[in-house]
Each structure stands twice: as C-alpha cells, then as structure tokens.
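A.B. asks: Residue numbers (my numbering): 13 to 632.
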C-alpha cells in the first residue's frame with residue numbers, strides 16, 4: 013500500500029491537473045455558497061450590518077452618532093456593505109451575493125499564496141480544505157464581516173509574504189491590514205505584527221513606508237470620527253486605567269438584559285465545536301507548531317520569517333477570541349457559541365501557515381517525548397470533538413437496544429441503552445449523551461492511532477508524522493459528516509425573494525415618515541426595503557441593547573434602551589410590527605379601540621415557526 017502511495021505521489025502529472033482540481037474545489041464551494049445564500053435564516057448581525065450600512069450611506073445617520081444606531085464595531089464593518097448596497101440596491105440579495113464574491117476572492121488569494129510557497133498541489137489542497145468546510149462556507153455566504161476580514165487577510169498575505177515584494181504591494185498589503193482593523197477592532201494585532209514582519213523581512217525602508225501608510229490611514233479615520241469612535245475601544249481597556257473613556261461606557265446602574273449564564277460544560281462544547289468546524293486548519297496549525305523545524309532545517313530564511321509571523325498572528329487571534337467568547341463574557345452581547353464564527357475571520361492564515369511549514373522545511377525524526385505528546389493530543393482532540401457532537405451522536409447511541417436483565421438473569425425482549433444507564437446508575441440524560449459521545453470520539457482517536465501503528469510497523473516511517481497525517485486525513489474526509497447537523501440547509505424556500513416581497517409589502521402599506529416600533533424578530537432585515545419610515549435605532553440590535561435601569565437620556569445617547577424609553581416609544585410610535593410568536597404579549601396593548609391591523613402578509617422572512625409578522629397602525 014505504501015509503495016502504491018509513493019508511486020502515486022511521484023507520478024508525473026500534467027501541469028494543468030492541479031489547476032483543474034483546484035477549479036473543481038472552487039466550483040463545489042460556489043455551489044454550496046449559493047445554496048446557503050438562498051436558504052439560511054437571516055440573523056441579527058446580518059440585518060444589523062446591512063441596515064446600518066445603508067442608513068449611513070444614505071446620510072440618515074453617521075457612525076457613532078449619539079442617539080443613533082449602535083456602532084459597536086469599527087466603522088467599515090457597516091460602511092462596506094452599505095457602499096455595496098448603495099451601488100447595487102439595498103437588500104439581502106446584494107449583501108449575500110457580495111459575500112459569495114468575497115468568499116471566492118478569498119479562495120483565490122489563499123490559492124496564490126499557497127502555490128507560491130508549496131506548489132500547485134498544495135494550493136489545490138488548500139482550496140479543497142475550504143470546499144469541504146461547510147460551516148465556513150455557510151458563514152462566508154451571509155452578509156456578515158467574517159468574510160470581509162478573511163478576504164482582506166488572504167490578500168494581505170498575497171502582497172507581503174515572501175522575498176522581494178515590490179513597494180506598491182507592501183503598501184497595498186498594509187492598507188488591507190489597516191482596513192481589517194478599521195472593519196473589526198478585534199483585528200488590532202494584525203497591523204502591529206505586519207509592520208514588524210515587514211521590517212524583519214523586507215528591510216528598514218519598506219518597514220518605514222508600511223508604518224507611515226498604516227498610521228496615517230488609521231489615524232485619519234479616528235480623527236474623522238473623533239471622539240465618539242473611542243466607544244469601540246472602551247470595552248477592551250481596563251476601566252481603572254482609562255477613566256477618561258467612562259463617557260463612552262454604559263453606566264453601572266444600567267444592567268444588561270442579555271446576561272446569559274453559560275455552564276462550564278457548555279463552554280467546553282462551544283470550544284470543541286469550533287475546533288470541529290475548522291478541524292484541518294486548527295489541528296494542522298497545532299501540529300505545525302509541534303514539529304516546528306530547527307533554524308537550519310528551513311529551506312529559506314524568508315519561509316521561516318513568514319511562518320513565524322503567521323504562527324504568532326494566528327494563535328494570538330485564536331487565544332483572544334477563545335478567551336472573549338468561551339472563557340469570559342467581555343460585554344453584554346458576547347456570544348459563547350459564536351466562537352466558531354470568530355475563527356472564520358482568520359482561517360486563511362491557518363491554511364497558509366500549514367502550507368509554509370510543511371513545504372518550506374525539512375522533516376526531522378520526532379523524539380519519544382514528542383511522539384507521546386502527539387498521541388495525547390490526538391486522543392484529547394478526538395474526545396473533545398466527540399463531546400461536542402453529543403446532540404447528534406448521543407441521541408443515536410443511547411437508543412441502541414440492549415438485552416433486558418434482572419438479578420443477573422436475561423429477560424425476554426430488549427430495552428434502550430439509555431434506560432439501563434438511567435435506572436442502573438442514576439445518570440441524567442444530558443450526562444449520558446455527553447459521556448457516550450465523548451467515548452465515541454475517543455474510540456475514533458484510538459482507531460486513528462491503531463491505523464498509524466499498522467502503517468508504521470510495516471514501513472517504519474516516523475510514527476508521529478504518520479499519526480498526524482492519518483488524523484488530518486480522517487478529519488478532512490469525515491468533515492461533511494460530523495458537521496452535517498450545523499451545516500444543514502435551514503429552509504427549503506427562497507428566502508431572498510421572500511424578504512424582498514415582504515419588504516415591498518411593508519413599503520406599500522406603511523405611510524411615508526411613519527414612526528415604526530419593531531418587535532418583528534431578531535433580524536431587522538425586512539426594514540431594509542422600507543426607506544421612507546423612521547425607526548428607533550437601538551432596536552436594530554433587539555434585546556442585546558436593552559438594559560434594566562439607568563438614566564434614559566444617557567442610555568439612549570449610547571444607543572441602548574430601557575423600560576422607560578420603551579414606554580415612551582410605545583406611546584409615540586405610529587406603526588407596530590410584531591412577530592407572530594411574540595403577539596401574545598402584545599394583545600392587551602394593541603387593543604381594537606386604539607389600533608387597527610393591516611392585512612397579515614402571506615409571506616414570512618424565514619421558515620422558522622412563528623416567524624411571520626403582524627402590522628398594526630395607531631388610530632387617529
């Protein structure tokens with residue numbers, strides 16, 4: 013078997029073969045992306061980016077405007093989708109098609125960089141890592157900022173990594189890195205590390221150019237939005253050291269309504285779920301660090317420098333987002349299960365790092381300590397990934413029939429495994445599912461270990477390398493299966509057309525300049541199509557900007573709302589848009605003596621239960 017593999021590896025393939033393989037991967041990516049674009053339920057963030065963006069571009073509001081929409085991200089997170097909508101029409105279709113375009117552009121950037129460092133076949137493999145990562149494709153197919161950042165980082169690498177990059181590419185790469193920071197402030201390490209890398213790799217002159225260009229662009233945007241842009245940095249900095257930022261922080265007496273209590277086990281589930289969705293990229297990057305070559309084993313100094321830069325940047329960003337999402341809720345609207353989405357920001361860095369390390373260095377034999385470490389790491393990762401699948405695997409396994417027994421005697425018929433575990437050991441259903449799933453993951457890890465051992469015993473290669481390759485290939489092949497639950501198609505209907513038709517209906521029935529109260533669902537997406545109305549801007553972020561207590565004017569100035577403001581808005585609004593499943597809480601308020609209902613739309617913004625909307629207007 014090993015001989016056949018070596019023969020296949022050493023075979024002379026036509027020069028066009030890897031390009032065709034890469035193109036097929038890109039085609040598979042595109043097909044999945046289009047399907048997700050039409051069928052994925054619009055989320056809160058997506059509606060927020062699109063609506064705020066077009067409002068900013070139309071001049072209705074400005075980023076960081078007091079009493080306006082919450083600009084909780086750096087300004088270009090909203091201005092970029094806003095600009096695209098301004099050119100091609102406001103709406104979900106424009107936002108998602110632009111996301112698909114950026115996703116394909118990201119693939120192209122990764123392919124170019126991987127080809128430069130690892131050759132055509134490595135580049136084709138990098139494309140296929142994306143093509144088989146359904147959750148990444150799903151994230152890159154909706155109008156959120158993850159795909160914008162991924163595209164910027166991919167092309168930053170195209171411009172700056174390697175020997176003898178021309179000055180114009182150094183400047184362009186620096187501008188892309190700065191734009192990434194000005195799109196998402198959580199990308200702050202990108203610009204600083206990039207400038208250090210340029211000094212190290214390309215010399216003092218190009219380093220100075222990069223520093224000046226990056227600093228001017230960064231400061232120019234901050235000066236334009238000064239001082240309100242400080243609001244995006246206030247949550248990141250210690251309060252006791254930055255009291256001057258207190259005017260941009262929520263007052264202590266305004267308690268966030270969204271303050272979920274997430275258990276340790278759910279946080280662990282979210283962490284390993286992120287690893288599962290980005291398996292090849294994360295695990296490959298970890299193993300690249302594990303087998304980091306000695307200085308003399310690098311084929312080129314530029315390869316070593318590029319790898320150092322990418323490794324530092326990737327794992328700093330990974331640690332930052334793991335801490336913010338999983339370990340600590342740094343702000344009221346943080347999201348533990350968004351960890352996987354956060355990893356999508358910098359996936360291109362991990363793929364390129366993997367290619368450079370394994371293609372740009374000589375392999376050396378691993379020590380016994382290293383082999384033991386790799387074995388332990390494989391078993392921990394496989395167990396954790398199995399644990400994160402407890403809703404899928406656990407539900408299937410615990411229904412396995414087992415023989416009935418009593419007092420050591422077999423009884424006729426069978427019973428479910430879950431009944432045995434529950435009755436015999438007193439375990440809860442959740443513990444059973446988690447335990448069984450983690451055990452199944454451990455078995456998969458042991459199977460990979462056994463396969464590697466059999467190969468090693470026959471051919472006597474380096475055991476640790478064989479185990480790593482086996483584990484990566486196993487995860488690569490099984491990715492579509494283990495991620496099937498998260499990457500499933502959410503709706504069978506065309507949601508792009510549905511939202512357009514719903515928006516057209518709202519624009520037709522709601523009088524111009526009406527003041528609209530929104531409780532029509534998490535996503536504000538339908539209101540993108542109704543430019544002639546006024547809204548209460550903090551409602552764009554739904555309950556994530558709602559708080560208990562606090563001075564009403566202060567809270568509103570910071571683009572939040574509370575009960576006092578809610579009552580004022582209910583008294584002043586002309587139109588009320590209510591989600592069907594939320595209507596029960598509005599029955600008493602929307603009484604027929606004061607309100608009249610418009611004809612209920614026949615279409616809904618999504619296929620979720622109770623996702624339809626009801627529209628009421630206040631009687632004279």
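Where is the CB? At the ideal position from N, CA and C, for every residue including glycine.
Under 6 angstroms Cβ to Cβ from residue 456, same chain only, skipping five residues before and after it: list those, please.
C.D. replies: Excluding positions up to five away in sequence, the list reads 394.
A.B. asks: Pair every Cβ in the segment 278-286 with every Cβ in the segment 348-355, then say whether three or more of these pairs are closer than 8 angstroms.
C.D. replies: These segments touch.
A.B. asks: Counting along the chain, where does the alpha helix (DSSP H) carrying residue 167 start and finish?
C.D. replies: Start and end: 157-172.
A.B. asks: To the nearest angstrom, report how far apart residue 576 and residue 564 are at their CA atoms.
C.D. replies: Cα to Cα, the separation comes out at about 7 angstroms.
A.B. asks: Run through the DSSP bridge pairs and tell me what residue 527 is partnered with.
C.D. replies: 546.
A.B. asks: State the beta-bridge partners of residue 627 as determined by DSSP.
C.D. replies: In the DSSP output, where bridge partners are listed per residue, residue 627 has 589.
A.B. asks: Pick helix, strand or coil for residue 26, following the three-state DSSP scheme.
C.D. replies: Note: residue 26 maps to coil in three-state DSSP.
A.B. asks: With respect to the beta strand (DSSP E) encompassing residue 607, which residues constitute its N-terminal and C-terminal limits?
C.D. replies: Unbroken beta strand (DSSP E) run through residue 607: 607-609.
A.B. asks: With a 10 Å radius around its C-beta and 16 neighbouring C-beta atoms as the bar for buried, classify residue 191 as buried or exposed.
C.D. replies: Residue 191 should be labelled buried.
A.B. asks: Below 6 angstroms CB to CB, which residues in the same chain sit around residue 261 once its five sequence neighbours on both sides are set aside?
C.D. replies: Result list for residue 261: 246, in chain order.
A.B. asks: Nearest to residue 241 by alpha carbon, out of 591, 294, 380 and 76?
C.D. replies: Here the closest residue by C-alpha is 76.
A.B. asks: Exposed or buried, which one is residue 150 when buried takes at least 16 other CB atoms within 10 Å?
C.D. replies: Counting Cβ neighbours within 10 Å, residue 150 comes out buried, since at least 16 surround it.
A.B. asks: Considering only their Cβ atoms, is the gap separating residue 225 from residue 161 smaller than 9 angstroms?
C.D. replies: Taking 9 angstroms as the Cβ cut-off, residue 161 and residue 225 do not qualify as a contacting pair.
A.B. asks: Do residue 449 and residue 488 come within 9 angstroms of each other at the CB atom, strictly closer than that value?
C.D. replies: Going by C-beta atoms, residue 488 is not nearer than 9 angstroms to residue 449.
A.B. asks: Just mark residue 43 as buried or exposed, buried being the case when its beta carbon has 16 or more other beta carbons within 10 Å.
C.D. replies: By the neighbour-count rule (16 or more Cβ atoms within 10 Å), residue 43 is not buried but exposed.
A.B. asks: Compute the distance between the beta-carbons of residue 522 and residue 611, then report whether it is under 9 angstroms.
C.D. replies: No, these two residues do not count as a Cβ contact at 9 angstroms.
A.B. asks: In whole angstroms, what separates the C-alpha of residue 223 from that of residue 357?
C.D. replies: Taking the straight line from one Cα to the other gives about 23 angstroms.
A.B. asks: How many Å lie between residue 40 and residue 143 at the Cα?
C.D. replies: Their Cα atoms are separated by approximately 6 angstroms.
A.B. asks: Exposed or buried, what is residue 597 when buried is set at 16 or more other beta-carbons lying within 10 Å of its beta-carbon?
C.D. replies: Looking at its Cβ environment, which holds fewer than 16 other Cβ atoms inside 10 Å, residue 597 is exposed.
A.B. asks: To the nearest angstrom, how far is the alpha carbon of residue 163 from that of residue 120?
C.D. replies: Using only the alpha carbons, I get a separation of about 9 angstroms.
A.B. asks: Checking the sheet assignment: what are the DSSP bridge partners for residue 558?
C.D. replies: Paired residue(s): 573.
A.B. asks: Helix, strand or coil for residue 356 per DSSP?
C.D. replies: Residue 356 falls in the helix class under three-state DSSP.
A.B. asks: Residue 132 lies in the alpha helix (DSSP H); which residues open and close that run?
C.D. replies: It spans 132-143 - the alpha helix (DSSP H) in which residue 132 sits, taken as one unbroken run.
A.B. asks: On the DSSP bridge list, what partners appear for residue 540?
C.D. replies: The partner list for residue 540 (beta bridge, DSSP) is empty, contrary to what the question assumes.
A.B. asks: If you draw a straight line from the alpha carbon of residue 471 to that of residue 479, how long is it in whole angstroms?
C.D. replies: Roughly 13 angstroms between the two C-alpha positions.
A.B. asks: To the nearest angstrom, how far is it from the Cα of residue 631 to the Cα of residue 535?
C.D. replies: Going from the Cα of residue 631 to the Cα of residue 535 covers about 27 angstroms.
A.B. asks: Quick check on the DSSP output: what are the complete beta strand (DSSP E) runs of length 3 or more inside the segment 34-63, in order along the chain?
C.D. replies: Entirely contained in the segment 34-63, not one beta strand (DSSP E) run reaches 3 residues.
A.B. asks: Going by beta carbon distance, what residues of the same chain come within less than 7 angstroms of residue 343, once the five residues before and after it are set aside?
C.D. replies: Low confidence applies here, because residue 343 scores a pLDDT of 49, under 50, leaving its location unreliable and the question unanswered by this model.
A.B. asks: Exposed or buried, which one is residue 380 when buried takes at least 16 other CB atoms within 10 Å?
C.D. replies: The residue is exposed, with fewer than 16 neighbouring Cβ atoms inside 10 Å.
A.B. asks: Identify, in the order they occur along the chain, each residue of the same chain with its Cβ nearer than 7 angstroms to the Cβ of residue 328, setting aside the five sequence neighbours on each side.
C.D. replies: Excluding positions up to five away in sequence, the list reads 201.
A.B. asks: With residue 236 and residue 321 assumed to form a contact (beta carbons below 8 angstroms), what rounded beta-carbon distance in angstroms separates them?
C.D. replies: Not a contact, Cβ separation roughly 30 angstroms.
A.B. asks: Counting along the chain, where does the alpha helix (DSSP H) carrying residue 210 start and finish?
C.D. replies: Here the alpha helix (DSSP H) through residue 210 covers 200-214.
A.B. asks: Among 549, 473, 518 and 603, which one has its Cα closest to the Cα of residue 627?
C.D. replies: Among 549, 473, 518 and 603, the Cα nearest to that of residue 627 is on 518.
A.B. asks: Looking only at its chain, what residues have a beta carbon closer than 7 angstroms to the beta carbon of residue 314, apart from the 5 residues adjacent to it on each side?
C.D. replies: Correct list, in chain order: 174, 175 and 213.
A.B. asks: For the alpha helix (DSSP H) that contains residue 398, what are its first and last residues?
C.D. replies: Looking at the DSSP string, the run of the alpha helix (DSSP H) that includes residue 398 is 380-400.
A.B. asks: Count the other CB atoms, across all protein chains shown, that sit within 10 Å of the CB of residue 110; report buried if there are 16 or more and exposed otherwise.
C.D. replies: By the neighbour-count rule (16 or more Cβ atoms within 10 Å), residue 110 is buried.
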